[in-house]
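Participant: Dropping the structure in here first, questions after.
2 protein chains.
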Amino acid sequence: MLTGHLLIGSQSLPGQNGQVRGINPATGDTLEPAFGLAGKAEVEHACALAWAAFDTYRETGLEQRAAFLEKIASNIADIGDALIERAMAETGLPRARLEGERGRTVGQLRLFAQEVREGSWLDARIDPAQPQRQPLPRSDLRQRHIAVGPVAVFGASNFPLAFSVAGGDTASALAAGCPVVVKAHSAHPGTSELVGRAIQDAVRACGLPQGVFSLLFAERGAAVDLVTDWRIKSVGFTGSRAGGMALVHAAAARREPIPVFAEMSSINPVFLLPAALAARAKSIGRNFIASLTMGAGQFCTNPGIVLALEGPDADAFLASAAKALKENVGATMLTPGIHAAYERGVAHLAANGKVKEVARGQQGATRHACQGALFITRAADFLADASMQEEVFGAASLVILCRSLQDMRDVAEQLEGQLTATLQMDDADADAARALLPALERKAGRILVNGYPTGVEVCHAMVHGGPFPATSDPRATSVGTLAIRRFLRPVCYQDLPEALLPEAIKPGNPLGLWRRVDGVLGKA
Amino acid sequence: MLTGHLLIGSQSLPGQNGQVRGINPATGDTLEPAFGLAGKAEVEHACALAWAAFDTYRETGLEQRAAFLEKIASNIADIGDALIERAMAETGLPRARLEGERGRTVGQLRLFAQEVREGSWLDARIDPAQPQRQPLPRSDLRQRHIAVGPVAVFGASNFPLAFSVAGGDTASALAAGCPVVVKAHSAHPGTSELVGRAIQDAVRACGLPQGVFSLLFAERGAAVDLVTDWRIKSVGFTGSRAGGMALVHAAAARREPIPVFAEMSSINPVFLLPAALAARAKSIGRNFIASLTMGAGQFCTNPGIVLALEGPDADAFLASAAKALKENVGATMLTPGIHAAYERGVAHLAANGKVKEVARGQQGATRHACQGALFITRAADFLADASMQEEVFGAASLVILCRSLQDMRDVAEQLEGQLTATLQMDDADADAARALLPALERKAGRILVNGYPTGVEVCHAMVHGGPFPATSDPRATSVGTLAIRRFLRPVCYQDLPEALLPEAIKPGNPLGLWRRVDGVLGKA
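Read top to bottom, the protein sequences are chains A and B.
Using the UniProt record's numbering, the first residue of the first sequence is number 1, and each one after it goes up by one.
Using the UniProt record's numbering, the first residue of the second sequence is number 1, and each one after it goes up by one.
In structure tokens:
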């Protein structure tokens, strides 16, 4: 069923620049088939097709584009169990998790289809002519947003469906009207091919230009070729800080620099406020470990640091967390490389003289299992050592004991940018929470109360973003409908004859959009 | 009346790091007083105050913030003729132009006040909790936009009021809730101080934290210190490509890279389509020269290239344009440096073997007057020589003779990014226009029909932006209400108790905002 081919437009072509194979991380076994890698020629081929498709695709009607997204969704669902089984083999993730992720991926595409139809992302604005205005008449001015151009998408390893070939970056770029060239993550090439074929089939079924989508397997050099191809106008990336910054720098060094949205690194602080900790230290400890160890800790929003006031409640929390962690059996990590990096990160923390081990989880039965790790330090030591802020990707977390709420605020102020910040609080903690909020708003894209940061809802209000290094652009999100905005730019039309005006801003509002006319929002 | 001081928060302090003086470009005379320059310490002082003001200022109520913008506007108007006279002396611009620009500046501040009150820029979104949802309940998720942080604004030389201390960047950043530190343009320090004091007074009158606004006179080193200060979170710049890119690179090299919106370089192509040219070559020639020479050509949207099909209509256009240009008396340019750069640019074009001079304007009577220049080349030569695309800031333009409409489209495709693209067309040109439009949309932020690009309306639908090198971020504009979006970022609030929720997303919609609830826009 799998060919190991590149999907370039409507074609299926063998890559000639080396090979990659999936690896079963539970066993270390390599999987069939081999996937041929793209070189510069294949990158250029995909970009040329994307460019050729761009003007047509960006002007597809809202209904046609929405139907295309829905067709991708149903095609993915129609792959059936073969997709789940291949993804399980390539990632070590359990069936239930992957079935849930498939539901999320399909739902995300359908949500973007709805969003395309709703149309307020076009931000249509009309300032009608004022020919009588003194001292100068005003022209007729209309604005809509258009797609920025072909987008390069780099799939993540940790969500082989929802942040990969047909994940949030692809869905939002296609929704915006941008052709997409995906560089598949080498950790799940077979899953990528299956999903890529679902998109390729949808392009054909919907009668769209073939260049709307291509899927490349590639090593680093070809990935940089992709980002620096002149036809690529934006980049979506989810992965490591080093990987993201390499693309940011490559994009900035182009003759025409382009924006990159890279979602990179976050340690997602959890603040345990005193009244909440006094009331339920034990359950917080248990639930925190459940969040920490979920999916072997391989989430961008994994809670990597926890802050608590020292004292008996913190001790009770630590005891509960330690107990829960010791019962946790390590699950297989996504790749041998991720597992090795996790082990290095844990060893680095363990070797820090200011950090003590609280507990370790149980060794897993599989070859690259994540043995959970919980450490503790003091706020003063954390503040003095920036290396403690480095993300350890996996089920490791560092508890920071604070002497006061001021300590907590000092740590909050010194944190780098984050995807999330969490407060565990009761009513009596309201003042402490209020005092922390300004810093959390400045530092994080999402603030949670009495939950845990793992689990990112795909909806309108979600922000999966945040100040650097959480992302390379704090003004955007890669999850939720606002993600479409990354791939749009405004264009103003002055005094165009009606026949030349785009539908979105024609007189009479033929698309029935929300539009601002002289600044007033309405559907007139 | 003028002190030559830096305005740092509520203080007026003499800069100790050298001096700059205004120069009357018409005479070359230096003007009193000397303005002391900021060093690293003053930059840090201003940034520290801006940071201290940020949390308070960004949470000011919409009405309070709008009133503040209106107070700045009335304070500027209240300066009266002293402002106009100082600006005339420093810039060589005539009274009527500066009075118009003052009106635009004041109107722009008032428009942003209205925009703040209207509130749809907050993009408030609410996805209510779904506790019964299967398989997992949904949390209560709410989103609003907040200010990104203190903004560094670099005023432009060519609009000493509308793109300077209280110009579009400052107005939109203050509207977004960002404190602003302005680095004044050295070409109009006195004008800058007068306007800076108007803002400083408004900060005091409105009871805002002093750090909401500072004004610095500074050389390049201190300007880079400003952009790289950790408390600065975004940059607005209008000026040259070299100057803009220097800030872009400085911002990208920070430990925390930050976004820069730099409006830089554009040659604003004007396409003369055949039927329009046949019908009115003479008036097009005359009106084009009026646009070209307005303000000595010192507009970002100055029409630097014109495309026409070769033949008798093009000849008639050229004859008319040449006649009009020969009658044009050069007006004083803004600075000796700008004048020298203009002369170099014109000489560079004149020395190009593939370029011919069509006409020159008359020498002006003043010392740094801009002698207009019109050149001609062939499409094939233009396509073969990228240097012909370099902006010559001033009243110089290059007519490109095309053999066919295909030539025109080829030139359009090869252009760098532009602020504007203009079509002169009649009904019979509709097909030719339609064939050009996709390229123009990809290349330019604003497309005009039967107008000229100079003259940028401040309104809701305006886009003063475009792909690189027109700006450093094609997804934004520096003129019009959409400019506010550059300085905002989304934050999501998950399950926050009502008491901690920001007003914009509280239950019951206390601010009466347009909000999306489960994706549906309304005021419920």
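Idealized CB from N, CA, C, for every residue including glycine.
If you're wondering where the values come from, they're calculated on a predicted model, not measured in any experiment.
The beta strand (DSSP E) that contains Cys-402 of chain A, what's its start and end?
Facilitator: DSSP places Cys-402 of chain A in the uninterrupted beta strand (DSSP E) bounded by 396 to 402.
Participant: Cβ atoms of Cys-370 of chain A and Gly-330 of chain A: under 7 Å apart, would you say?
Facilitator: yes
Participant: In chain A, what lies closer than 8 Å to Val-491 of chain B by C-beta?
Facilitator: Glu-441, Ala-444, Gly-445, Arg-446, Ile-447, Val-463
Participant: Could you name the residues of the stretch 126 to 153 of chain B whose beta carbon sits closer than 8 Å to any beta carbon of chain A, in the order they occur along the chain?
Facilitator: Ile-126, Asp-127, Pro-135, Leu-136, Arg-138, Ser-139, Leu-141, Arg-142, Gln-143, Ile-146, Val-148, Gly-149
Participant: Distance check for Ala-435 of chain B and Lys-443 of chain B, CA to CA, integer angstroms please.
Facilitator: If I take the Cα positions, the gap works out to 14 Å.
Participant: Note down, one range per segment and in chain order, each beta strand (DSSP E) of at least 3 residues found wholly within the stretch 351 to 388 of chain B.
Facilitator: DSSP assignment within the stretch 351 to 388 of chain B yields the following whole beta strand (DSSP E) runs of 3 residues or more, N-terminal first: 356 to 360, 373 to 378.
Participant: Taking 8 Å as the threshold, find out whether the stretch 231 to 239 of chain A comes into contact with the stretch 363 to 379 of chain A through three or more Cβ pairs.
Facilitator: Using a Cβ-Cβ distance cut-off of 8 Å, the stretch 231 to 239 of chain A and the stretch 363 to 379 of chain A are not in contact, since fewer than three pairs of beta carbons, one from each stretch, lie closer than that value.
Participant: For Lys-183 of chain A, which beta-bridge partners are listed by DSSP?
Facilitator: A:Phe-154, A:Leu-216
Participant: So the alpha helix (DSSP H) Ser-53 of chain B belongs to, where does it begin and stop?
Facilitator: Per the sequence shown, the amino acid found at residue 53 of chain B is Ala instead of Ser. Note, Ala-53 of chain B: alpha helix (DSSP H), 40 to 58.
Participant: Roughly how many angstroms separate the alpha carbons of Ala-26 of chain A and Met-88 of chain A, rounded to a whole number?
Facilitator: Cα to Cα, the separation comes out at about 10 Å.
Participant: Give the DSSP-derived three-state secondary structure of Gln-409 of chain B in the structure shown.
Facilitator: Note on identity: in this sequence residue 409 of chain B is Arg, with Gln being the wrong assignment. DSSP places Arg-409 of chain B in helix when its eight states are reduced to three.
Participant: Need the endpoints of the alpha helix (DSSP H) that Gly-196 of chain B sits in, please.
Facilitator: 189 to 205
Participant: Considering only the alpha carbon of each residue, which of B:Ala-52, B:Ile-505, B:Leu-500, B:Glu-416 lies closest to Gly-211 of chain B?
Facilitator: When only C-alpha atoms are compared, the closest one is B:Ala-52.
Participant: Could you spell out the range, first to last residue, of the alpha helix (DSSP H) harbouring Asp-431 of chain B?
Facilitator: 430 to 443
Participant: In whole angstroms, what separates the C-alpha of Glu-327 of chain A from that of Gly-297 of chain A?
Facilitator: 15 Å
Participant: Does the stretch 243 to 256 of chain A come within contact of the stretch 340 to 356 of chain A, defined as at least 3 CB pairs closer than 8 Å?
Facilitator: With the cut-off at 8 Å, the stretch 243 to 256 of chain A and the stretch 340 to 356 of chain A do not touch.
Participant: Just mark Glu-413 of chain A as buried or exposed, buried being the case when its beta carbon has 16 or more other beta carbons within 10 Å.
Facilitator: exposed
Participant: Hey, is Glu-263 of chain B's beta-carbon within less than 7 Å of any beta-carbon in chain A?
Facilitator: no
Participant: So if DSSP puts Arg-446 of chain B in a beta bridge, which residue, or which two residues, is it bridged to?
Facilitator: A:Cys-492, B:Thr-420
Participant: Residues bridged to Gly-36 of chain B by DSSP?
Facilitator: DSSP output for Gly-36 of chain B lists B:Gln-19 as bridge partner(s).
Participant: Would you check if there are 3 or more beta carbon pairs closer than 8 Å linking the stretch 191 to 204 of chain A to the stretch 134 to 152 of chain A?
Facilitator: With a cut-off of 8 Å, the stretch 134 to 152 of chain A and the stretch 191 to 204 of chain A do not count as touching, because too few Cβ pairs lie within range.
Participant: Using a Cβ-Cβ distance under 7 Å, would Cys-459 of chain B count as near chain A?
Facilitator: yes
Participant: Secondary structure at Thr-481 of chain A, three-state DSSP: helix, strand or coil?
Facilitator: helix
Participant: Any C-beta of chain B sitting closer than 7 Å to the C-beta of residue 530 of chain A?
Facilitator: Here chain A comprises residues numbered 1 to 524, so residue 530 of chain A is not present and cannot be evaluated.
Participant: Would you list the residues sitting across from Gln-134 of chain B in a DSSP beta bridge?
Facilitator: DSSP lists no partner for Gln-134 of chain B.
Participant: Could you check whether the Cβ of Ile-376 of chain A sits closer than 6 Å to any heavy atom belonging to the ligand NAP?
Facilitator: With respect to the ligand NAP, the structure offers nothing, as it holds no ligand at all.
Participant: Alpha carbons only, please: which of B:His-464, B:Ala-218, B:Val-458 is nearest the one belonging to Ile-447 of chain B?
Facilitator: B:His-464
Participant: Could you pull out every residue in the same chain whose Cβ sits closer than 7 Å to the Cβ of Pro-257 of chain B, ignoring the five residues on either side in sequence?
Facilitator: Once the five neighbours on either side are set aside, the close Cβ partners of Pro-257 of chain B are Ala-251.
Participant: Does Trp-51 of chain A get closer than 7 Å to chain B when you measure Cβ to Cβ?
Facilitator: no
Participant: Taking Phe-375 of chain A as the query, report the chain B residues whose CB atoms sit under 9 Å from its CB, ordered along the chain.
Facilitator: Simply none; closest approach about 25 Å.
Participant: For a test of the three-state rule: what should DSSP assign to Leu-122 of chain B, helix, strand or coil?
Facilitator: helix
Participant: Can you tell which of B:Ala-278, B:Leu-62, B:Ala-113 has the C-alpha that lies nearest to the C-alpha of Asp-427 of chain B?
Facilitator: When each option's Cα is compared against that of Asp-427 of chain B, the closest is B:Ala-278.
Participant: Can Arg-86 of chain B and Thr-191 of chain B be called in contact, C-beta distance under 7 Å?
Facilitator: yes
Participant: On the DSSP bridge list, what partners appear for Ile-8 of chain A?
Facilitator: A:Gln-11, A:Ser-214
Participant: What's the call for Gly-221 of chain B, buried or exposed, on a 16-neighbour Cβ count within 10 Å?
Facilitator: exposed
Participant: Do Arg-489 of chain A and Val-148 of chain A come within 7 Å of each other at the CB atom, strictly closer than that value?
Facilitator: yes
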